[in-house]
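>
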Amino acid sequence: MEKIIKVNSNAEAVALYGSLDENLRFAEKEFRVRISARNHRLKISGDKKNVDSANHFFQEKLQALRRGGPGPTPAEARRPEPVTKAEVGPKATAPGVQYFHRGKIIAGRSGNQNRYLQAIRDYDIVIGIGPAGTGKTYLAVAAAIDSLRKKHVARIILTRPAVEAGENLGFLPGDLYEKVNPYLRPLYDALHDMMDPDEAARCLERGVIEVAPLAYMRGRTLSGAFIILDEGQNCTHAQMKMFLTRLGVASKVVVTGDVTQIDLPGGKKSGLVEAQMVLANVKGVQFVPFDETDVVRHPLVIDIIRAYEKYDH
């Protein structure tokens, strides 16, 4: 049996097929079908039941793309239970921060991710907590760039604590900047994934975008800025208090972290864990939880997270 799906443009094809055709490869393996894509036509071949399942996956994704959303991820498509109406309703498909970059749509891919993006729009301080791979930092950077381009803020500040995490900074080569720069690399990666290299370089050179270790935030009042604190679970009580009180006029703060991966030495308490109790009743601060169903990395990451959770308990 064969089914044909037509796309309207190169950008739509890139978004539907996935980066490096990852959606096509996923569908062939998951639904046990043969797929060929040529001249804006996607052909699915195989047994009827398998072809119908693969066709449903691509049709649902294509319809969501045309509504302005990303559609189901491979992780969602491989869940044993079907996607419910609640999951594909307004909350799951409501437009958050969305734009094309090199044919790729950057947007929330789950209910929690869309709630996170909406919270970033509605609140001055948003704290996203959940496992690795759930898009906390990536979507925050996307929201920051969107705000900068729309002139809602004048600059972006990306920061994270330089926790040793099993390594001794004193034994690493180079000056202080060279020692802490590897800890900031994930922020650069997210930035460069959403901006052309020349644009990112110009913004960094002019100070419109600043990437710095958390220690450099002390003593500053940050106005007209979108500030992202990554790896917040590795902040101490004093660091978290210091950071959150940097908020200035017309600024927005997003804190991300995973409280199951705390690298603080000597049994120090995590400032992010404490913040959940200290700020629970503070209006204007919104907490957004993430879980394994929000993971948007390789589908295998979900299985790895579940395996470790089972082992740790």
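Using the working numbering, the first residue of the sequence shown is number -4, and each one after it goes up by one.
Each residue gets a CB set at the ideal place from its N, CA and C atoms; glycine is no exception.
Reducing DSSP to helix, strand and coil, say where K324 ends up.
No answer is possible for residue 324: it lies beyond the span of the chain, which begins at -4 and ends at 308.
> Can you tell me whether P192 is buried or exposed, with buried defined as 16 or more other CB within 10 angstroms of its CB?
That one is exposed.
> Within its chain, find whatever has a CB closer than 7 Å to the CB of A139; leave out the 5 residues flanking it on each side and keep chain order.
Only I151, F221 and I223 meet the Cβ criterion.
> Which first and last residues belong to the beta strand (DSSP E) in which P208 is found?
Run containing P208: I204 to P208, per the beta strand (DSSP E) assignment.
> Which residue marks the beginning of the beta strand (DSSP E) containing Q281, and which one marks its end?
Its beta strand (DSSP E) spans residues V280 to P284.
> Within its chain, find whatever has a CB closer than 8 Å to the CB of H232; leave out the 5 residues flanking it on each side and keep chain order.
The answer, listed in chain order, is K264, G266 and E269.
> Between the alpha carbons of E23 and L60, how many angstroms are there, rounded?
Those two C-alpha atoms are separated by around 21 Å.
> In the DSSP assignment, the beta strand (DSSP E) including R33 goes from what residue to what residue?
Per DSSP, R33 belongs to the beta strand (DSSP E) from R29 to R33.
> In the structure shown, what three-state DSSP assignment does R241 receive?
DSSP places R241 in coil when its eight states are reduced to three.
> Would you tell me roughly how many angstroms separate the C-alpha atoms of D47 and M190, rounded to the nearest one?
Each residue's Cα considered, the two are about 37 Å apart.
> DSSP three-state call for G338: helix, strand or coil?
This structure gives no information on residue 338, because the portion of the chain shown stretches from -4 to 308.
> Classify A196: buried if its beta carbon has 16 or more other beta carbons within 10 angstroms, exposed otherwise.
The residue in question, A196, is exposed, as its Cβ has fewer than 16 Cβ neighbours within 10 Å.
> Determine the DSSP secondary structure at L217, reduced to helix, strand or coil.
L217 falls in the strand class under three-state DSSP.
> Given this structure, state the Cα-to-Cα distance separating I300 from D141, to the nearest angstrom.
In a straight line, the C-alpha of I300 is about 31 Å away from that of D141.
> Straight-line CA distance for S218 to R104?
Answer to the nearest angstrom: the Cα atoms are 31 Å apart.
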